[in-house]
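Enquirer: Protein chains in written order, with the working numbering: chain B, 1 to 97; chain Y, 1001 to 1097; chain Z, 2001 to 2097; chain F, 3001 to 3326; chain E, 4001 to 4326; chain U, 5001 to 5326.
Note that the Cβ used here is the ideal one computed from N, Cα and C, for glycine as well.
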Amino acid sequence: MQAYKKLEIVINTLEVRRLVSLLNEHEIGGYTYWKGARGRGDRGLQDGEGLTEAFSNAYFLVGCTEPEFERIREPIRALLADAGGVCMVSDVQWLVH
Amino acid sequence: MQAYKKLEIVINTLEVRRLVSLLNEHEIGGYTYWKGARGRGDRGLQDGEGLTEAFSNAYFLVGCTEPEFERIREPIRALLADAGGVCMVSDVQWLVH
Amino acid sequence: MQAYKKLEIVINTLEVRRLVSLLNEHEIGGYTYWKGARGRGDRGLQDGEGLTEAFSNAYFLVGCTEPEFERIREPIRALLADAGGVCMVSDVQWLVH
Amino acid sequence: MSADVLIGNLLNPVILFFFLGLLAVWIRSDLAIPTALSRFLSYYLLFCIGLKGGAELAHSGLSMDIFKVLALALGMALLVPLYAFFILRRRLNLYDSAAIAATYGSISAVTFITAINFLEENQEPFGGYMVAAMALMEAPAIIVGLLLFNLYDRNETGGSARSPSVRQIVREAVTNGSVVLILGSFLIGIVSTDKSVHALLPFTDGIFKGMLAFFLLDMGLLAGKRLASLRGSGGFILRFSVLIPLFNAALIIGLAWLLELSKGDALLLTVLCASASYIAVPAAMRISIPKANAGLYVPMSLAITFPFNIILGIPLYYFLLNQILN
Amino acid sequence: MSADVLIGNLLNPVILFFFLGLLAVWIRSDLAIPTALSRFLSYYLLFCIGLKGGAELAHSGLSMDIFKVLALALGMALLVPLYAFFILRRRLNLYDSAAIAATYGSISAVTFITAINFLEENQEPFGGYMVAAMALMEAPAIIVGLLLFNLYDRNETGGSARSPSVRQIVREAVTNGSVVLILGSFLIGIVSTDKSVHALLPFTDGIFKGMLAFFLLDMGLLAGKRLASLRGSGGFILRFSVLIPLFNAALIIGLAWLLELSKGDALLLTVLCASASYIAVPAAMRISIPKANAGLYVPMSLAITFPFNIILGIPLYYFLLNQILN
Amino acid sequence: MSADVLIGNLLNPVILFFFLGLLAVWIRSDLAIPTALSRFLSYYLLFCIGLKGGAELAHSGLSMDIFKVLALALGMALLVPLYAFFILRRRLNLYDSAAIAATYGSISAVTFITAINFLEENQEPFGGYMVAAMALMEAPAIIVGLLLFNLYDRNETGGSARSPSVRQIVREAVTNGSVVLILGSFLIGIVSTDKSVHALLPFTDGIFKGMLAFFLLDMGLLAGKRLASLRGSGGFILRFSVLIPLFNAALIIGLAWLLELSKGDALLLTVLCASASYIAVPAAMRISIPKANAGLYVPMSLAITFPFNIILGIPLYYFLLNQILN
Ligand SMILES: Nc1ncnc2c1ncn2[C@@H]1O[C@H](COP(=O)(O)O)[C@@H](O)[C@H]1O
Ligand SMILES: Nc1ncnc2c1ncn2[C@@H]1O[C@H](COP(=O)(O)O)[C@@H](O)[C@H]1O
Ligand SMILES: Nc1ncnc2c1ncn2[C@@H]1O[C@H](COP(=O)(O)O)[C@@H](O)[C@H]1O
Ligand code: NA
Ligand code: NA
Ligand code: NA
């Protein structure tokens, strides 16, 4: 196994494209995400209701190396500052196959 | 970045309202959840099938400070003891923006 | 609370049955999963589009004891080597109820 | 004649699609209707049945039959879970007995709708108020089941009951989406003008059979998947799942004869009593008696009683009613 | 006569299902239409309305009325958010004022479709080009709202505006799924042969009312859920949500009289001006003015203005137009 | 006459909605049909086509044509992937060659359904058994593709093949949801009474074209999204995606003439051979040859061959068949 950083990001669904572009631009090796998350935070309740995705969130899971993390840390911070959302970072072991 | 506790809770979908109320009552800063989780545990298989949500789970992600965690630790334990489900706690770094 | 290993596995949706069988065979106490994850990795983009689930992923969350983990570590590695996907391992505290 | 009706029912596409669903599971096909669609189809059927029932009632006006039917419906909904419980207790634990009793005391909307389809194909009239009877029978058995459980639980184990109060459970059973939708549609059907109900016919009538066939395909898939969990659960479970419906049916057919119900009303009431719930009651039991084995009460009603009723039960009850009534 | 129309509207199943949705939320029922279905139903309605509008236009051909209507539509879409903004600024902060102004300047497709249903039930003709008017009115208010916001934001706070440029927002408003679908269907309706449009009728016409009723049930559920967040938000909000539609309606009714619009066209235009957006505009505002309170602008349009229009507004505007025009 | 048919096809709303989908992607609209709905629409179409085919066969009874058609269908399903493979191998690696060969040997149900719609609009009869031909052609190419892959893989690389055995893959291809649904509906159509099939007509026939139009809108969205991944993949890929269908079509048109097939049957068989799979085969390849580039075989069939067939192919093949047959 190998030490990796794990990023967990919750962000408004309408911002998915922006975050994906950001990860691609910074050549992050991979990511996973899903839509349909609801929640509450500084910007109020996102209850997932209505005919638009504007009131629901997406969840991103990014496993990356330390240098990769350093590369996207600041851009992600800037994106969240602008668009809202949260990002949690932790250490994981990557099961190499 | 700032040290936070991360709670991951899996609970029956029909208990979502109760857990959300609990988090609100204890004034937790934020949370995220989604429905449509399937799984197996002590109460058997939840395969998400059928015309009711009774056999599917919801997943909650709560990032909170240590004091917040201490506040909800016991209430969550009591809820899970009553309704089933699991709660895992770990340490994360919060990317402040 | 009790020390546990947490496994997070992302795998193609069509492999869900295989992974569930593997967890059952090795008598893992419980697991949770959901479908509908999208992402990018070595095998390219899985954008969740189309009339088949072949281009979308499932996410598995498995909380297990150290001995349980040792039991499935190798089988999971082999499954991922064959079918693609990722597995991240970390330490969590289990809120016993 | 009875064989004709049986074969006619078996060769009905609506029933055949149910078999197709079972078959698909059996050969391990990946055929699967998205749950959002299942939900929509079931709401669609309730919407149509409610609306048509209400419109029919607005036409026919009130009659004594309504009161007979509603009284019978309520009586059976309270009685069936009682005797079911005591039969079950002889073999099963308290948790399962209470949950299964509630399941069989309540009703299956899809069986009811399939029976309506059957009546229409056999040009047999029935009262629009039967929809109200159906809605009335959904919740009481949950209450009876939980009361019995609480009573014996306190006696036997000193009380392991979960926190949700009986009142809360009743509340949830009554405000259940299906009940609200069918009763709401029923009332809307009553107050709407003929013209406006007529304008909805292509939706409520035209595509109805097709939507029902599609939904029964989905039910077949579901029943097939559930069947597996009954493996090795013993003959008692299987016998109960077929004999209790038959017993309930015999009882209500007798009462229908005594009270001189019309053939159509009697068939629908029979079907309601013979059917078991696999949506509302399981949801309530999952929450209120979580220790009851959902791998038992769901497949019993869904994978045995439901197919039994739509395939054999409905034509059989109809045959018997034909012999006895008129 | 006006009371007749009002009662006829209230007893229309389509409207009654909206009430059923509100009621279901009120009694805390778990009735819920899956969002995939809501989306489908709304796309279905746009598809049908667009196609029928286009086909109608292909039949009737162009006339001066089209230009009058489109000019009026565009004018109002630019004007309404302007005066709404200055009214709102007297009580609310800049963020909310801009967001609400954009909301009320834009339109609600469902209200429009409900009004078309109303016209059809009252056998009142209208032009197929009204569909184009609707599409034309969706985006401009967003632009006006954002321009006002940027203007005052720079003056007042030195600029807190978010990064997406006005151009990007406009882009998104114009390529919005609903706009693309209704305009696309409209154009397809224009170029398709009569025969092929006719072959689609069972889909676009037959089941239309039923689908609309189902969708309004869903809208009732949604409106009911949103209503809660308005509690304690004060009389100004409530008054605005009813009075601005009435004011817009009065203005456009006057203009319709001046420009001698047909009754049907005038009603639809009135409804467009009186209605407020709860899909496209909230989505744009959530992104471009995230500090605006979505717990205000969404429920105002969805839980007050929308019900007001479909229940009272439409018959009222129709009554007034009947008095004034011819 | 041929231009008429082509233009008639291009102005068919069903085809135009496909263009609308492409356009929506091109202008980067957020128009999107929820996947639960796409799945439902595709199942709905298979349900209807199967049922109608079966009912038609029950009417017409068996004839020699059936055997000719089924033999031809099976033969082509085995032959096409063979020669496609060797053509592809000259330019592409083993993985992609095998996957693309399987893709083009199999069929596209939507193209088939669009062709049926075309025949109905041109009042051209065809046999109900064509549905069986379609179902028969779904799986064999997968088997041929995998056999070829395994054969060359062992020779070339010493075996990198994944664990699922060919038997398992075949199993999955045959129990594929679409195959089960269309064959099941076909059999149900055969055994059901005329009356009961007739009662389903508003569902299977009335709203069919509308549902097809809606589904093709969705296909347009999908094709548009997939198109992007072909950028820069070279002329060989593009040529193959158009020329192989044309070659397959020419071959089968010749055989149809030799075997004196009816015009309707011949067109459908041509369309089956000329079409490529983008559901069943990609799913099988994603699992069994994961190293094949899904960014190649999916968009080739979905974003080039599919549009080519429904827009130009069908009217072209029909024109040719009109020249050659009788
Ligand atoms: N403390 C938290 N724990 C988990 N999720 C959170 C937390 N705070 C915010 N979120 C999620 O992030 C989304 C956006 O946050 P915000 O921008 O703070 O409103 C919310 O809707 C939640 O889904
Ligand atoms: N060890 C575990 N790892 C991950 N999820 C679990 C585990 N145990 C239980 N779960 C989830 O929690 C749900 C409820 O658990 P239980 O109450 O134990 O049946 C299950 O249906 C699973 O989705
Ligand atoms: N670094 C990563 N972080 C998060 N998810 C990943 C990562 N790499 C791969 N994945 C997920 O795992 C799936 C399969 O990975 P692969 O087999 O590498 O294509 C991808 O589609 C992603 O959803
Ligand atoms: Na019953
Ligand atoms: Na407006
Ligand atoms: Na082919």
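Say whether chain U places a C-beta atom closer than 9 angstroms to the C-beta of Z:A2054.
Expert: yes
Enquirer: Give a single yes or no on whether F:M3137 has its beta carbon closer than 8 angstroms to a heavy atom of ligand 4.
Expert: yes
Enquirer: Following a CB-centred definition, is E:N4293 positioned closer than 8 angstroms to any heavy atom of ligand 1?
Expert: no
Enquirer: So, using beta-carbon positions, are Y:V1092 and B:V89 closer together than 9 angstroms?
Expert: yes
Enquirer: What does B:T171 pair with, by DSSP beta-bridge criteria?
Expert: The first residue shown for chain B is 1 and the last is 97, placing residue 171 of chain B beyond what the model contains.
Enquirer: Return helix, strand or coil for U:Y5129, following the three-state DSSP convention.
Expert: coil
Enquirer: Considering just the uninterrupted stretch of the alpha helix (DSSP H) at U:L5258, what are its terminal residues?
Expert: Its alpha helix (DSSP H) spans residues G5235 to L5258.
Enquirer: Tell me which residues share the same chain as U:R5286 and place their Cβ nearer than 7 angstroms to its Cβ, disregarding the 5 neighbours each side in the sequence.
Expert: A5294
Enquirer: Based on Cα-Cα distance, which residue from E:A4249, E:S4038, E:L4183 and E:F4214 lies nearest to U:S5029?
Expert: E:L4183
Enquirer: Reducing DSSP to helix, strand and coil, say where Y:G1048 ends up.
Expert: coil
Enquirer: Does Y:V1096 get closer than 9 angstroms to chain B when you measure Cβ to Cβ?
Expert: Chain B places a beta carbon closer than 9 angstroms to that of Y:V1096, counting this residue as a contact.
Enquirer: First and last residue of the alpha helix (DSSP H) that includes U:K5068?
Expert: M5064 to R5089
Enquirer: Quick one: is E:A4280 buried, meaning 16 or more other Cβ sit within 10 Å of its Cβ, or exposed?
Expert: buried
Enquirer: Closer than 9 angstroms, CB to CB, is F:T2944 near chain E or not?
Expert: As displayed, chain F neither begins before 3001 nor continues past 3326, which places residue 2944 of chain F out of reach and without an answer.
Enquirer: Taking Z:K2005 as part of the beta strand (DSSP E), name the residues at either end of that continuous run.
Expert: Start and end: Q2002 to N2012.
Enquirer: Check this for me: beta carbons of F:L3146 and F:A3102, under 9 angstroms apart or not?
Expert: yes
Enquirer: Using a Cβ cut-off of 9 angstroms (strictly closer), state whether Y:E1049 contacts chain F.
Expert: yes
Enquirer: Can you tell me the Cα-Cα spacing of F:R3090 and F:F3236, whole angstroms?
Expert: 10 angstroms
Enquirer: Along the segment 3200-3219 of chain F, what residues have a CB closer than 8 angstroms to any CB found in chain E?
Expert: L3200, P3202, F3203, T3204, G3206 and I3207
Enquirer: By how many angstroms is the C-alpha of F:V3131 removed from the C-alpha of F:P3144?
Expert: Note that residue 3144 of chain F is Val in the sequence shown here, rather than Pro. For F:V3144 and F:V3131, the distance between alpha carbons rounds to 22 angstroms.
Enquirer: From U:C5273 to U:D5194, what does the alpha carbon distance come to, in whole angstroms?
Expert: 32 angstroms
Enquirer: How big is the Cα-Cα spacing for Y:Y1059 and E:L4062?
Expert: 56 angstroms
Enquirer: When DSSP builds the beta bridges, which residues end up paired with Y:D1091?
Expert: Y:K1005
Enquirer: Counting only beta-carbon atoms, is F:Y3318 nearer than 9 angstroms to chain Y?
Expert: By this cut-off, F:Y3318 is not an interface position.
Enquirer: Pairing CB atoms from the segment 3186-3193 of chain F with CB atoms from the segment 3048-3064 of chain F, are three or more of them under 8 angstroms?
Expert: yes
Enquirer: Rounding to the nearest angstrom, what Cα-Cα distance links U:V5005 and U:V5014 in this structure?
Expert: 15 angstroms
Enquirer: Would DSSP call B:V96 helix, strand or coil?
Expert: In the structure shown, B:V96 adopts coil according to DSSP, grouped into three states.
Enquirer: Taking Z:N2057 as the reference, which of Z:P2075, Z:G2030, Z:G2041 and Z:Y2031 has the closest Cα?
Expert: Z:G2041
Enquirer: Report whether the distance from the Cβ of F:A3141 to the nearest heavy atom of ligand 4 is below 8 angstroms.
Expert: Yes - ligand 4 has a heavy atom lying nearer than 8 angstroms to the Cβ of F:A3141.
Enquirer: Out of F:G3008, F:A3077, F:Y3044 and F:G3232, which one is the CA nearest neighbour of F:I3252?
Expert: F:A3077
Enquirer: What are the residues that DSSP puts in a beta bridge with B:V86?
Expert: B:V10
Enquirer: Taking its Cβ as the centre, do 16 or more other Cβ atoms sit within 10 Å of B:A3, making it buried, or is it exposed?
Expert: Classification of B:A3: exposed, given that the 10 Å Cβ count is below 16.
Enquirer: Distance check for U:F5047 and U:T5204, CA to CA, integer angstroms please.
Expert: 8 angstroms
Enquirer: Only counting the same chain, and skipping five residues up and downstream in sequence, which positions put a Cβ closer than 8 angstroms to that of F:Y3317?
Expert: Closer than 8 angstroms at the Cβ level, and outside the excluded window around F:Y3317, lie A3249, I3253, L3267, T3270, V3271 and A3274.
Enquirer: Residue range of the alpha helix (DSSP H) that E:P4034 falls in?
Expert: Segment: none, E:P4034 is in no alpha helix (DSSP H) and carries neither H nor E.
Enquirer: Thinking just about the alpha-carbon of each residue, which of F:A3003, F:L3022 and F:L3321 is nearest to the one in F:W3257?
Expert: That would be F:L3321, whose Cα lies nearest to the Cα of F:W3257.
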